[in-house]
Amino acid sequence: MKINTYGFKSPAVAIVGCVHGNEKIGAEVIQQLESTLKIDSTVKYVVANEEAMQLNQRFISSDLNRSFPGDRYGTHEEQLAFALSNELYGVDYTFDLHSTTAQTDDFIITVGNNDLAQHYPLKKVVDMSGFASGVSLIENVMLGIAIEYNRSTSADQIERQVRQCLVNLGLLEGSPGQAQQEKYRVYGILEESPMNKDLTLENFVETSFDGEIFIPILYGELAYENILCLKARRIE
Ligand SMILES: [Zn+2]
């Protein structure tokens, strides 16, 4: 795990990338921000799973984003989660950058109500309460969001969004700006089955299957084995 910390004033911000080793965009964004971002607050840059990154794998022995709060003597990822929990202790705002193989609009992930999401300049906010079980990174920090990017969003675009969020938080100079947000809540999963194997879904577009109306989220994410998509409802 590579951790570089700059400054010592509060509030403290952490930018975390490569929690999943094959989602390298996070490391790219970190590299760009690290060489150019100048703010008065503490900034911590974390490239989380370097070993998995080198192998271009999601993880080595277990999904890091399902391994929190971690275990000092556990698997590679449990040890990383343990170290990362300690590292992020006392950090005010944590941004966890991910990318997805799904064809989807970029979106923010929260678990429960979250005061940070409203400052991040993306339109879609997905509350994963119905899917999360306390073992993800953002559930183990003071205030954090994960951001899920599709494969066509560039590091430059992401960098601009992180900067705009820091402006919106009053940590960086500039004019505040935020999009009107749409909120969704995940309430379940649709498992792959012979019944739905020919189904084609579109993320964030309400659909009906087997008598149930829902909004698919992360349909097309290859890392979710046996899961066709998450099921959500629009809440705001
Ligand atoms: Zn990820």
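Taken in order, the sequence shown gives residues 501 to 736; the numbers are from my numbering. Virtual Cβ for every residue (Gly too), placed ideally from N, Cα, C.
- For a cut-off of 8 Å, the C-beta gap from V519 to N565 is around 5 Å, short enough to register as a contact.
- Beta-bridge partners assigned by DSSP to T575: none are found.
- For the options I727, A732 and E725, the alpha carbon positioned closest to that of S708 is the one of A732.
- One Cα belongs to D710, the other to Q557, and the distance between them is close to 35 Å.
- In the three-state scheme derived from DSSP, where H, G and I count as helix and E and B as strand, H598 is classed as strand.
- Under the three-state reduction of DSSP, P716 is assigned to strand.
- For the pair F607 and F595, the Cα-to-Cα distance works out to about 13 Å.
- Residue ranges of uninterrupted beta strand (DSSP E) with 3 or more members, entirely inside the stretch 604 to 663 and ordered along the chain, are 607 to 610, 624 to 627 and 644 to 650.
- Straight through space, the alpha carbons of V546 and M553 are spaced by roughly 13 Å.
- Under the DSSP assignment, V543 falls outside any alpha helix (DSSP H), being part of the beta strand (DSSP E) whose first and last residues are T542 to V547.
- Taking 7 Å as the cut-off, one finds no heavy atom of ligand 1 near enough to the beta carbon of E639.
- Leaving aside the five residues that flank M628 on each side, the residues in its chain whose CB is nearer than 6 Å to its CB run, in chain order, I609, V611 and V686.
- Between the alpha carbons of Y649 and R663 lies a gap of roughly 16 Å.
- In this structure, S599 places its C-beta atom within 8 Å of the C-beta atom of I525.
- In terms of side-chain proximity, the C-beta atom of E528 is found no nearer than 7 Å to any non-hydrogen atom of ligand 1.
- For ligand 1, a non-hydrogen atom lies closer than 7 Å to the CB of E523.
- Ranked by how close their Cα comes to the Cα of I658, the residues Y620, M501 and F559 have Y620 in first place.
- Restricting attention to I735, D698 and G630, the CA atom closest to the CA of Q681 is found in I735.
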